[in-house]
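Using numbering that gives the first Met the number 0, the letters of the sequence shown correspond one by one to residues 0 to 431. Accompanying notes for the structure given below.
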Amino acid sequence: MTGKVVIDVEGVSKFYRLGTIGGATLREDLTRWWAKTRGRPDPLLKIGEQDHGNREGENLWALRDVSFQVREGEVLGVIGRNGAGKSTLLKILSRITAPTSGRATIRGRVGSLLEVGTGFHPELTGRENVYLNGAILGMKRAEITRKMTEIVDFAEMARFIDTPVKRYSSGMTVRLAFAVAAHLEPEILVIDEVLAVGDIAFQERCVRKMDAVAQSGRTVIFVSHNMSTIGSLCQSGILMSSGRCERKGPIAAVIEAYKRENSLNASTIWRRPKGLRASELELHRLEIRSEHNGDANRSTFSTEEGLIVEMEIFLKERMRGLCIGFDLLGPHDEIILRSFDTDSVSAEVEGNDIGVHRKRCLIPGGLLNVGNHQVKARLGIHRVGWIEDCESSVQFRTERPSGGSPYLLGLDRLERPGAVSPILSWHSGKEI
């Protein structure tokens, strides 16, 4: 990334003091002080209420010495656990709150979407709030008017745009807020996890819009717990932990660091099932590899490659009705398909013998679209129930190979929508 620096964060820290702000009158304070000097209990304390008057407030450093730079046109993902300081950082970048120490230099107009309703006046209509937000960004009324139809159509708010915002649902508020933030053309777009409020179709539209914003050369900062979305949208990332910036770099490396921190790396993760005779079963291995290349260490494959899912299960006792399979998840953690080793069995399985069982399944090439995917193990007993705590998973990414039809990318330079993208057979003919 060679563009100019548009965000420069240097040693930023943010301090909060927790506790209740005192609201007593002077007379009440003097009454309590007089009782305390005489060694008597608080005369104003209600029955059953505890005396917190002497408790000192707790201190919290939401951010500690955070430093990083973001260049023009960069799409930066911010990841970390809940309470890591992500939202506080975005509030500082959006100029909603000031740092306790350090400096955050922002060069350009910032459009932000943080908590639901941030930046909207509840008594104003949706249309009036659009004009208000545009004015805050320094836009002229004529500029905002030219964008109004596009904003309303994107948010699907034509019927409600002249209704006061206080009557909107949270989903309606988020749709309009995102449309305003993305379409009023700020140089820097800051988006928090609030997109989780919208439905799946709206989330997909938002991701495509953010990608288009990035393609236009503007800067995007995106916070999310969805690693698939972060990985497909962002080029670089920072990992926040306990208020500190633990790592900044290419997004793939930052995601891997986050997974290691949470013990969720791409290798097999196995929690012993709590029920359904769990002591009789162990999952030793779950991996994915190319049909024509046996290297199981790869995590990126061509969309044209056939992929083999291989599982190794050890049975300590004979298990009747055991179904071994997996879910294939797409970029937004939606289930693309579910497959079991018993799908093609015409009669009921008598039982699996004691010992190691290796299962292989081929996902045909040319099926999956570009993006991040996940294979998640699914084990269960037929007509009894799932082994619920099985959380074995492998993550991988598919990329479109060079060559092929130049029409696979649309005029908007975005990948085709959908979790699958098979090349279907077409026949051409001319009617005489």
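We put the beta carbon where it would ideally sit given N, CA and C, even for glycine. Being a predicted model, the structure only gives us computed values, none of them experimental.
- If you ignore the 5 residues before and after E203, its C-beta comes within less than 6 Å of no other C-beta in its own chain.
- DSSP links L285 through a beta bridge to M310.
- The continuous beta strand (DSSP E) containing V109 extends over residues 109-112.
- For I353, the number of other beta carbons within 10 angstroms of its own is below 16, and it is reported as exposed.
- For D352, the secondary structure class from DSSP, reduced to helix, strand or coil, is coil.
- For G76 against I229, the beta-carbon gap comes to about 4 Å, under 8 Å, which counts as contact.
- I78 is a Cβ neighbour of L238, given a cutoff of 8 Å.
- Residue A376 holds the alpha-carbon nearest to the alpha-carbon of I287 among R415, A251, A376, H224.
- Put simply, the stretch 179-187 touches the stretch 217-229. At least three CB pairs are less than 8 Å apart.
- Annotation for I91: the continuous alpha helix (DSSP H) segment containing it runs 85-92.
- One Cα belongs to F201, the other to R174, and the distance between them is close to 8 Å.
- Fully contained in the stretch 117-169 is no beta strand (DSSP E) run of length 3 or more.
- A direct Cα-Cα distance of roughly 28 Å separates S223 from R126.
- DSSP, reduced to helix, strand and coil, places V74 within a strand of the structure shown.
- Assigned with DSSP and collapsed to three states, I95 falls in coil, not helix or strand.
- Within 10 angstroms of the beta-carbon of K3 lie fewer than 16 other beta-carbons, which makes it exposed.
- DSSP places S424 outside both helix and strand once states are collapsed to three, so it counts as coil.
- Take R102, set aside five residues on each side of it, and the residues of its chain with a beta-carbon closer than 6 Å to its own are E9, in chain order.
- Within the stretch 165-245, the runs of beta strand (DSSP E) at least 3 residues long that lie entirely inside it are, in chain order, 187-190, 218-222, 235-240.
- In the three-state reduction of the DSSP assignment, R106 falls in the coil class, being assigned neither a helical nor a strand state.
- DSSP places E255 outside any beta strand (DSSP E); the residue lies instead in the alpha helix (DSSP H), whose first and last residues are 250-260.
- When the alpha-carbon of P121 is set against those of L321, T299, Y257, Y167, the nearest one is in Y167.
- The alpha carbon of K247 has as its nearest neighbour, out of S235, E255, S240, S241, the alpha carbon of S235.
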